[in-house]
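Numbering (the UniProt record's numbering), first residue to last: 1 to 89. A virtual CB, placed ideally from N, CA and C, is assigned to each residue, including glycine.
Dropping the structure here:
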């Protein structure tokens, strides 16, 4: 019973982090693009902010999302004693 509870807690925390990161991805991908015309009035380094966010900001955010998820899951795996080798046995 205790093991099942631990597995459910692990999965719940994993899903919560996944949902949060997907929400960030959605905002960066679609919400910023939706307001690109409005952001064009703001310039950053001589370029419209909408262009800058699409060309530079979004890919950086995507890499940070991947980095954060990998870091979080490694921490969660250590906390719950999950090992990749467990699946091979």
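Per DSSP, the continuous alpha helix (DSSP H) segment holding residue 18 begins and ends at 2 to 26. For the 8 Å CB-CB criterion, residue 53 and residue 39 form a contact.
Here the region 18 to 33 lies against the region 54 to 67, with 3 or more beta-carbon pairs under 8 Å apart. Contact fails between the region 29 to 38 and the region 5 to 16, because fewer than three Cβ pairs, one in each stretch, are under 8 Å apart.
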